[in-house]
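Protein chains in written order, with this note's numbering: chain A, 1 to 363; chain B, 364 to 452.
Even glycine gets a Cβ: it sits at the ideal position worked out from N, Cα and C.
Report on one structure; see the data block that follows.
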């Protein structure tokens with residue numbers, strides 16, 4: 001008489017055999033993956049709802065009785081990329097679209113919140129953008145999950161399942177970023193703006209003016225004339241540093257000895273937060289128009305264009321500035337001063353552009 | 364047969380597979396613990412450069428003049444706002 005372990009062994013073998021040759025194992029695996037993705041999708045949905053509630057509460061505090069229709073309007077707001085099979089003047093077209101989008105957000109909030117200051121409106125604007133991004137991720141994942149289930153496409157579900165940890169990390173980062181953007185605390189991305197602010201603080205400010213939500217300050221420092229460019233703060237704003245820098249170069253007829261751009265840059269895995277790297281080019285992470293404006297202005301007058309990057313992860317860039325990033329800002333200021341000293345002589349004219357969001361950093 | 368207890372081997376294999384499966388399940392569900400942080404505001408005296416670190420208050424921003432220096436009565440300026448980790452007890 002066979003022993004019970006023999007029966008178990010044979011049963012396992014038969015089940016294994018049936019699963020392998022009928023493809024049921026893939027179906028089972030697909031169901032497990034779908035279940036897992038659905039759970040994560042529900043978490044993303046809860047983040048979107050939570051963000052909506054928080055923005056609605058903030059709007060109510062500012063006097064809007066019915067904030068939901070306004071939030072809903074911007075939740076699905078989209079921008080259609082310019083035609084790229086005909087690249088002529090694509091930068092101008094892209095710049096026009098981005099500027100229009102920014103204007104739509106700003107004007108609409110100004111219309112519904114007429115008595116509210118620019119600072120509060122900028123925080124709401126950024127918060128709405130964060131919820132919009134979360135909502136977009138939610139919809140795309142739901143689309144691929146439903147599509148995979150509908151067509152029994154286990155390859156699609158598998159790809160989605162393997163991408164989910166990375167997507168969840170990004171989604172959680174965006175969700176937590178709301179804490180900083182709703183309260184106006186400086187984030188890691190403000191590092192460039194903070195470097196610019198520090199240089200203004202260290203030198204003697206001769207003049208200040210605002211162009212396109214961007215500050216241009218003429219500073220006397222290290223026996224040099226330094227033009228500091230940064231987005232207007234302390235609201236959430238990235239300004240138009242490229243456009244303003246190009247305009248300044250034209251105003252000065254190209255009589256500039258050095259241009260330095262400082263920005264927060266996403267680190268590679270294995271790199272430390274707050275590492276500083278030096279290079280050549282325009283350190284700016286915009287979709288194109290601002291960066292090309294800097295490159296064109298520098299190359300037109302043959303002005304050396306240097307870049308300083310303060311490395312950090314996405315989490316560190318979007319969350320409240322960490323102490324190690326603040327320490328890196330201090331080191332970056334010294335780095336900028338070293339570059340100015342090494343590459344220019346006294347009475348030279350230098351432009352230092354602190355790129356990034358100026359949230360929590362005044363001028 | 365030959366003194367080998369096959370029942371024992373099957374039980375060991377089944378137990379090992381079960382333990383590994385449970386461990387895998389727990390590992391995928393376990394989230395890495397995020398360190399708790401607190402936002403601090405660094406104030407610096409505009410005259411004597413004395414620095415004071417306080418808890419962040421809504422409305423603080425870098426460049427804000429906030430309060431007076433206890434040493435020399437000069438205005439204090441917010442020079443930094445940053446997150447620091449709270450050490451675990």
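Quick one: which residues of the region 431-446 of chain B get their C-beta closer than 7 Å to a C-beta of chain A? List them in chain order. 443, 444, 445, 446
Drop a sphere of 10 angstroms on the beta-carbon of residue 340/A, count the other beta-carbons inside from all chains shown, and report buried for 16 or more, exposed for fewer. buried
Contact between the region 288-307 of chain A and the region 246-260 of chain A (3+ Cβ pairs under 8 Å): yes
Apart from the five residues just before and just after residue 434/B, which ones in its own chain have a Cβ nearer than 8 Å to its Cβ? 408, 411, 413
Check for me: the alpha helix (DSSP H) holding residue 96/A runs from which residue to which? 90-112
Output needed for residue 200/A: all residues of its chain with C-beta closer than 6 Å, excluding positions within five of it in sequence on either side, in chain order. 217, 219, 228
Cross-strand partners of residue 263/A (DSSP beta bridge): 309/A
Comparing the C-beta of residue 1/A with each C-beta of chain B, is any distance below 8 Å? Caution applies to residue 1/A, whose pLDDT of 49 falls short of 50 and renders its modelled position unreliable; the value that the coordinates give is listed next. Not closer than 8 Å to any Cβ of chain B, the Cβ of residue 1/A fails to qualify, so no.
Mind reading off the beta-carbon distance from residue 193/A to residue 357/A? Whole number of angstroms is fine, and I expect it under 8 Å. 7 Å
Can you name the residues of chain B whose CB is closer than 9 Å to the CB of residue 363/A? 426
Exposed or buried, residue 311/A, counting other C-beta atoms within 10 Å across all chains shown (16 or more means buried)? buried
Quick one: any contact between the region 286-294 of chain A and the region 316-330 of chain A, if contact means 3 or more CB pairs under 8 Å? no
Boundaries of the alpha helix (DSSP H) in which residue 437/B is found, first to last residue: Run containing residue 437/B: none; DSSP gives neither H nor E here.
In three-state terms, what does DSSP make of residue 301/A? coil
Applying the criterion that 16 or more other CB atoms from any shown protein chain within 10 Å of the CB defines a buried residue, is residue 386/B buried or exposed? exposed
Contact criterion: CB-CB distance below 8 Å. Does residue 322/A meet it with respect to chain B? yes
Between which two residues does the alpha helix (DSSP H) containing residue 238/A stretch? Run containing residue 238/A: none; DSSP gives neither H nor E here.
How long is the line joining the alpha carbons of residue 1/A and residue 377/B, rounded to whole angstroms? At residue 1/A, the pLDDT of 49 sits below 50, so the modelled position is not reliable; the number obtained from the coordinates is stated separately. Each residue's alpha carbon lies about 22 Å from the other.
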